[in-house]
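Here's the structure we're looking at; comments come further down.
4 protein chains.
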Amino acid sequence: MDYVYGPGRNHLFVPGPVNIPEPVIRAMNRNNEDYRSPAVPALTKTLLEDVKKIFKTTTATPFLIPTTGTGAWESALTNTLSPGDRIVSFLIGQFSLLWIDQQQRLGFNVDVVESEWGQGANLDILASKLAADTAHTIKAVCIVHNETATGVTNNLAKVRRILDDYSHPALFLVDGVSSICALDFRPKALEATKTAKSVRVFFDWNDYLKFYKLGTYWPYTPSIQLLYGLRTALDLIFEEGLDNVIARHSRLGKATRLAVEAWGLKNCTQKEEWFSDTVTAVVVPPYIDSSEIVRRGWKRYNLSLGLGLNKVAGKVFRIGHLGNLNEHRNYSSQETIVSSVAESDFDLYMYFQLQLLGCLAGVEMILKDVGYPVKLGSGVAAACAYLQNNTPLIPSRI
Amino acid sequence: MDYVYGPGRNHLFVPGPVNIPEPVIRAMNRNNEDYRSPAVPALTKTLLEDVKKIFKTTTATPFLIPTTGTGAWESALTNTLSPGDRIVSFLIGQFSLLWIDQQQRLGFNVDVVESEWGQGANLDILASKLAADTAHTIKAVCIVHNETATGVTNNLAKVRRILDDYSHPALFLVDGVSSICALDFRPKALEATKTAKSVRVFFDWNDYLKFYKLGTYWPYTPSIQLLYGLRTALDLIFEEGLDNVIARHSRLGKATRLAVEAWGLKNCTQKEEWFSDTVTAVVVPPYIDSSEIVRRGWKRYNLSLGLGLNKVAGKVFRIGHLGNLNEHRNYSSQETIVSSVAESDFDLYMYFQLQLLGCLAGVEMILKDVGYPVKLGSGVAAACAYLQNNTPLIPSRI
Amino acid sequence: MDYVYGPGRNHLFVPGPVNIPEPVIRAMNRNNEDYRSPAVPALTKTLLEDVKKIFKTTTATPFLIPTTGTGAWESALTNTLSPGDRIVSFLIGQFSLLWIDQQQRLGFNVDVVESEWGQGANLDILASKLAADTAHTIKAVCIVHNETATGVTNNLAKVRRILDDYSHPALFLVDGVSSICALDFRPKALEATKTAKSVRVFFDWNDYLKFYKLGTYWPYTPSIQLLYGLRTALDLIFEEGLDNVIARHSRLGKATRLAVEAWGLKNCTQKEEWFSDTVTAVVVPPYIDSSEIVRRGWKRYNLSLGLGLNKVAGKVFRIGHLGNLNEHRNYSSQETIVSSVAESDFDLYMYFQLQLLGCLAGVEMILKDVGYPVKLGSGVAAACAYLQNNTPLIPSRI
Amino acid sequence: MDYVYGPGRNHLFVPGPVNIPEPVIRAMNRNNEDYRSPAVPALTKTLLEDVKKIFKTTTATPFLIPTTGTGAWESALTNTLSPGDRIVSFLIGQFSLLWIDQQQRLGFNVDVVESEWGQGANLDILASKLAADTAHTIKAVCIVHNETATGVTNNLAKVRRILDDYSHPALFLVDGVSSICALDFRPKALEATKTAKSVRVFFDWNDYLKFYKLGTYWPYTPSIQLLYGLRTALDLIFEEGLDNVIARHSRLGKATRLAVEAWGLKNCTQKEEWFSDTVTAVVVPPYIDSSEIVRRGWKRYNLSLGLGLNKVAGKVFRIGHLGNLNEHRNYSSQETIVSSVAESDFDLYMYFQLQLLGCLAGVEMILKDVGYPVKLGSGVAAACAYLQNNTPLIPSRI
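If you read the sequences in order, they're chains A, B, C and D.
This note's numbering applies: residue 1 is where the first sequence begins, and numbers increase by one.
This note's numbering applies: residue 1001 is where the second sequence begins, and numbers increase by one.
This note's numbering applies: residue 2001 is where the third sequence begins, and numbers increase by one.
This note's numbering applies: residue 3001 is where the fourth sequence begins, and numbers increase by one.
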């Protein structure tokens, strides 16, 4: 019934795919519906309205596209740019690398700004490029908000400010797959679709906009199950409160980093300003192969951790501490055109401290397994000390 | 809990999205998994092998792409053709129209062969075009196997034979979304990807092939739920027997057409050779608006029928008698490169006679509601007379 | 995956277990919860309140007991009566027979009032017994509201009236498993528990009442899944409107009986006043074995019909046209003590006409299979003629 | 959607209801079936055969009764004993107390052997009672195998040996609800049903035996969903291997006790020989109310722990480390008549170490919350040190 049987629950701590809340699984447990009946548009309408709240915007136009994050990237690029357009793109890890690869294969003239893996985007270089670009040849600035390969979160508000400082009209395209961000962004993207010459059909926003006007919303068949799943995911977020969700993840990120420190290991992310609250990449000593850590997690503790990728393969393993919103993976809301007045970046994934503490205990046992002289309980203790002082009561249960 | 509440079960008889078998719903009722663990590739390997059996091929390379049928179309075209390439494409209804629109927007030089709606592809014109094309400027012949707008099924074996008669090297691209076809096809499509200059990244088969070689199978995150759903759908088909499934649908198509005849109504499909076993488009008398029939089904009987589209809007309504494989909607197997030794076209969707008979009874009541002088029970009787003589016992229950 | 594989959907038309609505299946799709947390009592409280609405009472005390209907019978008897107590009980079919068997084995002195199978309870005999019982030795009158073996529904209001006419204090105990009834009943049952000497522990209402007072509601562990299922079933009923549900079933019962008449077959129920709106028992000609009809339904059409039982074995088959509230099977609401001001009896099971029409078409094919000269379509036509004139629009979709 | 909303996953660590494995939830996600069709008996047959394997017997007759553990108790007693029969019963905690209450209310002459809460059954007293009972007036010895109120597991093999030493014919009735035990027991229980005069109908095994003979298995309607859930639970146990399941639980029990010790707290269970591998009752210092610990778990960490009950209310809290077989709650296999050649007692519930470690970390934070000077991480460290040395690789993943 499972393809490589393991007893009990799999402990899923990769930075994606993430754990799905039981109510969302329940909501997706249904037969199909006719998407041309009055029911599906009525549902879709609520989704589009509520997704905007997640992006803290009231005016933007969201798109729910039946594809993966990779497809969402392509959608954002081809709908706003033309082949040959110059774009600035930051290379800081595996996922930004893959996005840049896509940008180049789609025919854009990509100005790559590379950082050492473990660092955030180099915004000084961005500033000097914008300063030099008085002719406004730069059509877009592309950034991965949360680089899960290295656990680095970039400061989007700062990027926005730099663009504004130079009054530069470049589009600001953000990959928020593992974060979902809100940023101060003027809604120019829809304008850009009118002139964008990139070839696209499946991903063409104009087809969506046409059906938005008709009130039937879908140019082609959506997954009914995912629509209901998204409905429930949004309900869960609103029930907890978006700000509470964010605050909770901030706690979980902090707790994980305290554990890593207690283990005497280094965070792949080099500076605090870039620490990600949804994933932590942990650097192992040179005498340990981090892949072995991931393998043992799977083989002995039914624990799924993230591998080190590409440049940091064998050198880091990753603990995902995000989750519960995975249906966004397929319905990547096009953050590039969702503008918002919110200044600060944040994430909204949910996670649960006791599951995380179980994962941290598991990592400690694995570290011991592979010969690292960890003091058992040390990371859990550090995380608990912080969480015990900072976890509020659950409002509905007071 | 449902967006436009209706009491009881919705009777879903549109030609897509289709009813999902309960075991498939059950299989999709699960949390995520790490798609980079050994488990997901092990599962994927069985899927790729077994999907080939559905296409009656042992040598072809299937692709399971997380997208809709529209994305699958784009995948087939961009991976095998270059902008400016001349292609022959048959326009016989709304879905072939949409595919041709995509072909044109993707920059191909489309030689449209139009038929009256209700007729199949004009293969005489194809023959003369191929005869004249001694220079082999035609790079592909594109056909919708089963045009759900008009209930027309094209004869793929005949197309294949014509291509062979002229020894023409054009690729033969088939939309099998509502049929899944088997056709005699030499696997040239993969070869074509090497020279195809169409811009594509998300849909690029080369990325898939790279991960096939690595044994990890996925260039980006698949939907774990749909993989398990597909696994169960394949198991169900093999349990019943592919040929039994086909035979059963042939019976259901025939039964539906007999009902239409008994009602004194005309089939939109003009000749028997084009009759579809998965959908029947019924022509209503001029004094009736077919949209009203669909509306009343929804409002009074919780019955979902298909609207007439575009040229036949208001003139036909459609009864879908396919189902139970809807996960193929998102994982469109790239029929263009799946070759098979099977000569005849067939479909493999499952449906169930008593549900269909309930639908036919519902249509009769609606017809009466809208003023058509139908003899109640007449269609059901005609369908039953045929089915009662032609339904075999269920082998596992004898 | 299924134990005797059949392709496609099973068409479940036995008078129980019944079809479960998809939203109820969805609601039961969950992990356990601690039933001593504040959450489960909060849920239970809403259930107890809302179950009363189904019985159209505001003052009665309902019990949700984790058992089957047979257990509910035992609960009603042992909580209100003492061994040796004289009770009057009506034998009109298999289920009343089984209840009487239980009554006798529990040590009561049962005064059996037998009718021919196919007839309702003989209330004249009840009247004369009550008239003669000036000493009030009769402690209870027991009746199966809806005898599913013969499709007979007894008139509860009339029984109540007779009891009142004689000012007789006997308890009035009703089996409403396949009906759920409302009756004019003064709440004496709870009083009776104080003196009832029948041995019972698991079924003892006093344990329930003790936990009701504590606000924790459960003397032992309930099934969390069924509680949530019941919650959703109640929501569905209230969304449609209890009176609409009843009216709809009246239509379905009537439609089925019209079909039986059109087939030229007899209803096992001998008079119109006893016709059940949830099940119809159909008498077959002497040269046909009704069991063969049920067997062929299973083997050829994946249709589950009810067998003839005991005295009518081989002579009748049964069509259940109730459904969608099966969770009541395990949580038998103790109708004996749920009083109500409603005068008329009614049922509240939901069913769906197009499913029923499919079933009727299936029965026609089976009848032909077994050599009965049915005119195909005749029953469906008769049912449709009635339904087409009597089905209202779905209010939420107008 | 949940009745007292809490963000994220509820961490369920009460000793029942227990966590249900995801595949079991999936298996129960289904519509009803006709239990009189050939399919349900075919399924039931496999269940009865396989349940015997869990009890390590090949010859005994198991019963699957749609009730709770309380009902199963009643079933075991009333089917084997007559009112007035003398029985010996051990009182060692809340659940044995409740069973004794039931025994007394059912009219048996109960010889209660009481121990201090936290101690096991006093077998010396049993021995002397049996020695004195040369007339064999004792008809049964009743014992709760695993008393979840105090975390005490009794040694069943020893009881069996004492009975044998005195060649005493008393029945040996065991409550295995939270353990499921195997014991060396001659199958005399079925014999006893022939003479047992206790009044029972719903619980009467004779009705079951009658339907076993007919091959239809069910005297009344079972829950189809639970049958499929049990099927999958059995499959999971056999896939892991019953002995592996037992060994794993032994590890989890040991790990939990090591944590309790590291916290400087006492186990309610007074001697090692009685330690339960499925639940640990932890004694708190007098200045702490253990109910407050349970409340804070719920309110702050979404952690469900077990309250102290009755005599130990406020003094202990309980950590359940069993799970995943909860469908046995409703289908209490009648261990009294299931004989086995196995000598040792064992449990077969599954649990997962990382979840348990998360729970232990949660308990540490709560202890700190309520003012107990716990060293954070200490319990987790002790548990990890043991588990890291004793957890085998998962065989299917090596």
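Just so it is clear, CB atoms sit at the ideal spot from N, CA and C, and this is done for glycine as well.
Label residue 1165 of chain B either buried or exposed according to how many other C-beta atoms from any shown protein chain fall within 10 Å of its C-beta, with 16 as the threshold for buried.
Walking along the second sequence from the start, residue 1165 of chain B turns up at place 165. When all chains shown are included, residue 1165 of chain B counts as exposed.
So that I know if they touch, is there some Cβ in chain C lying closer than 8 Å to that of residue 3298 of chain D?
Taking the first residue of the fourth sequence as position 1, residue 3298 of chain D is located at position 298. Yes, residue 3298 of chain D lies at the interface with chain C (some Cβ there is under 8 Å from its Cβ).
Cβ of residue 3082 of chain D within 8 Å of Cβ of residue 3112 of chain D?
Counted from its first residue, the fourth sequence places residue 3082 of chain D at position 82. Counted from its first residue, the fourth sequence places residue 3112 of chain D at position 112. Not in contact: residue 3082 of chain D and residue 3112 of chain D (Cβ atoms no closer than 8 Å).
Buried or exposed: where does residue 1390 of chain B fall if 16 or more other Cβ atoms within 10 Å of its Cβ makes it buried?
Sequence index remark: in the second sequence, residue 1390 of chain B carries index 390 (1-based). By the neighbour-count rule (16 or more Cβ atoms within 10 Å), residue 1390 of chain B is not buried but exposed.
Can you give me, in chain order, the residues of the region 7-34 of chain A that have a beta carbon less than 7 Å from any beta carbon in chain C?
22, 26, 29, 30, 31
Per-residue contacts from residue 2284 of chain C into chain B (C-beta, under 7 Å):
Along the third sequence, read from residue 1 onward, the residue named residue 2284 of chain C stands at position 284. Going along chain B, no residue has its Cβ under 7 Å from residue 2284 of chain C, so there is no contact; the nearest lies around 17 Å.
Where residue 2281 of chain C and residue 2358 of chain C are concerned, what is the direct C-alpha to C-alpha distance, given to the nearest angstrom?
For the purposes of this step, residue 2281 of chain C is taken as the residue at position 281 of the third sequence. For the purposes of this step, residue 2358 of chain C is taken as the residue at position 358 of the third sequence. A straight-line Cα-Cα distance of about 18 Å links residue 2281 of chain C and residue 2358 of chain C.
At which residues does the beta strand (DSSP E) containing residue 1142 of chain B begin and terminate?
Locating residue 1142 of chain B in the second sequence gives position 142, counting from the first residue. Element bounds for residue 1142 of chain B: 1138-1144.
Identify whether residue 3351 of chain D lies in helix, strand or coil by the three-state DSSP scheme.
Working through the fourth sequence from its first residue, we reach residue 3351 of chain D at position 351. At residue 3351 of chain D, the pLDDT of 44 sits below 50, so the modelled position is not reliable; the number obtained from the coordinates is stated separately. Coil at residue 3351 of chain D, not helix or strand.
Contact the region 312-324 of chain A vs the region 283-300 of chain A: 3+ CB pairs below 8 Å:
yes
Among B:1121, B:1007, B:1398, which has the Cα closest to the Cα of residue 955 of chain B?
No statement about residue 955 of chain B is possible, as the shown extent of chain B runs from 1001 to 1398 and does not include it.
Residue 1087 of chain B by DSSP, collapsed to three states: which one?
Within the second sequence, the letter at position 87 stands for residue 1087 of chain B. Strand.
Give me the residue from C:2263, C:2264, C:2258, C:2286 with the minimum Cα distance to residue 2275 of chain C.
The residue you call residue 2275 of chain C lines up with position 275 of the third sequence. Measuring from the Cα of residue 2275 of chain C, the nearest candidate turns out to be C:2258.
So, is the C-beta of residue 1253 of chain B closer than 8 Å to a C-beta in chain C?
Sequence index remark: in the second sequence, residue 1253 of chain B carries index 253 (1-based). Cβ-Cβ to chain C under 8 Å: no for residue 1253 of chain B.
From C:2153, C:2045, C:2043, C:2062, residue whose alpha carbon lies closest to that of residue 2052 of chain C:
For the purposes of this step, residue 2052 of chain C is taken as residue 52 along the third sequence, with counting starting at 1. Nearest of C:2153, C:2045, C:2043, C:2062 to residue 2052 of chain C, Cα basis: C:2062.
Any idea what DSSP makes of residue 2133 of chain C, helix, strand or coil?
As a working mapping, residue 2133 of chain C is identified with position 133 in the third sequence. Coil, per DSSP.
Strictly by DSSP, which residues pair up with residue 3320 of chain D?
The residue labelled residue 3320 of chain D in the question sits at position 320 within the fourth sequence. BP columns for residue 3320 of chain D point to D:3279.
If you follow the alpha helix (DSSP H) that residue 1018 of chain B is in, where does it begin and where does it stop?
One-based indexing of the second sequence puts residue 1018 of chain B at position 18. Where residue 1018 of chain B is concerned, there is no enclosing alpha helix (DSSP H), given that its DSSP letter is neither H nor E.
Span of the beta strand (DSSP E) around residue 2172 of chain C
In the third sequence, residue 2172 of chain C corresponds to position 172, counting from 1. Segment 2171-2175, the beta strand (DSSP E) holding residue 2172 of chain C.
Listing by chain order, which chain B residues have their CB less than 7 Å from the CB of residue 39 of chain A?
The residue given as residue 39 of chain A occupies position 39 in the first sequence. Under the 7 Å cutoff, chain B gives 1002, 1003, 1004.
Which whole-angstrom value is the C-beta distance of residue 1306 of chain B and residue 1014 of chain B, which I expect to be below 8 Å?
Reading the second sequence from its first residue, position 306 is the one you call residue 1306 of chain B. Reading the second sequence from its first residue, position 14 is the one you call residue 1014 of chain B. About 5 Å; that satisfies the 8 Å criterion.
Starting from the N-terminal side, write out each stretch of the alpha helix (DSSP H) that is 4 residues or longer and does not extend beyond the region 3-84 of chain A.
22-27, 39-54, 69-78
If you draw a straight line from the alpha carbon of residue 74 of chain A to that of residue 2381 of chain C, how long is it in whole angstroms?
For the purposes of this step, residue 74 of chain A is identified with residue 74 of the first sequence, where counting begins at 1. For the purposes of this step, residue 2381 of chain C is identified with residue 381 of the third sequence, where counting begins at 1. So the alpha carbons of these two residues sit roughly 55 Å apart.
In the DSSP assignment, the beta strand (DSSP E) including residue 3244 of chain D goes from what residue to what residue?
Taking the fourth sequence and counting its residues from 1, one reaches residue 3244 of chain D at position 244. From DSSP, residue 3244 of chain D is part of no beta strand (DSSP E) but of the alpha helix (DSSP H) over 3242-3262.
By how many angstroms is the C-alpha of residue 3119 of chain D removed from the C-alpha of residue 3153 of chain D?
Along the fourth sequence, one-based indexing puts residue 3153 of chain D at 153. Along the fourth sequence, one-based indexing puts residue 3119 of chain D at 119. Roughly 9 Å between the two C-alpha positions.
Restricting to Cα atoms, I'd like to know which of D:3369, D:3279, D:3004 is closest to residue 3145 of chain D.
Reading the fourth sequence from its first residue, position 145 is the one you call residue 3145 of chain D. The shortest Cα separation from residue 3145 of chain D among D:3369, D:3279, D:3004 belongs to D:3279.
Would you mind sorting residue 1092 of chain B into buried or exposed? The rule is 16 or more other CB atoms within 10 Å of its CB.
Translated into positions along the second sequence, residue 1092 of chain B becomes position 92. It is buried - the Cβ of residue 1092 of chain B has at least 16 other Cβ atoms within 10 Å.
Would you tell me roughly how many angstroms separate the C-alpha atoms of residue 150 of chain A and residue 286 of chain A, rounded to the nearest one?
Residue mapping note: residue 150 of chain A aligns to position 150 of the first sequence, counting from 1. Residue mapping note: residue 286 of chain A aligns to position 286 of the first sequence, counting from 1. Using only the alpha carbons, I get a separation of about 17 Å.
Element boundaries [beta strand (DSSP E), containing residue 2411 of chain C]:
A query on residue 2411 of chain C cannot be resolved here, the shown segment of chain C reaching from 2001 to 2398 and no further.
Beta-carbon spacing of residue 2207 of chain C, residue 2219 of chain C below 8 Å
For the purposes of this step, residue 2207 of chain C is taken as the residue at position 207 of the third sequence. For the purposes of this step, residue 2219 of chain C is taken as the residue at position 219 of the third sequence. Going by C-beta atoms, residue 2207 of chain C is nearer than 8 Å to residue 2219 of chain C.
Would you mind working out which of B:1012, B:1003, B:1008 sits nearest residue 1352 of chain B, comparing C-alpha positions?
If you number the second sequence from 1, residue 1352 of chain B lands on position 352. Checking every option, the nearest Cα to that of residue 1352 of chain B belongs to B:1012.
Is there a C-beta anywhere in chain C that falls below 8 Å from the one on residue 1144 of chain B?
Residue mapping note: residue 1144 of chain B aligns to position 144 of the second sequence, counting from 1. Output row for residue 1144 of chain B: interface = no.
Quick one: does residue 3082 of chain D have its CB under 8 Å from some CB of chain C?
Indexing the fourth sequence from 1 puts residue 3082 of chain D at position 82. Under the Cβ criterion of 8 Å, residue 3082 of chain D is not counted among the residues facing chain C.
Taking only beta-carbon atoms, is residue 3355 of chain D less than 8 Å away from chain A?
By 1-based counting over the fourth sequence, the position of residue 3355 of chain D is 355. It does: the Cβ of residue 3355 of chain D has a partner Cβ on chain A nearer than 8 Å.
Cutting at 8 Å between CB atoms, please list the residues of its own chain near residue 1211 of chain B, excluding the five before and the five after it.
Position 211 of the second sequence, counted from the start, is the residue given in the question as residue 1211 of chain B. Excluding sequence neighbours, residue 1211 of chain B sits near 1217, 1218, 1219.
Report the rounded CA-to-CA distance for residue 2263 of chain C versus residue 1301 of chain B, giving the unit in angstroms.
On the third sequence, position 263 is the one that residue 2263 of chain C refers to. On the second sequence, position 301 is the one that residue 1301 of chain B refers to. Straight-line Cα distance between these residues: approximately 24 Å.
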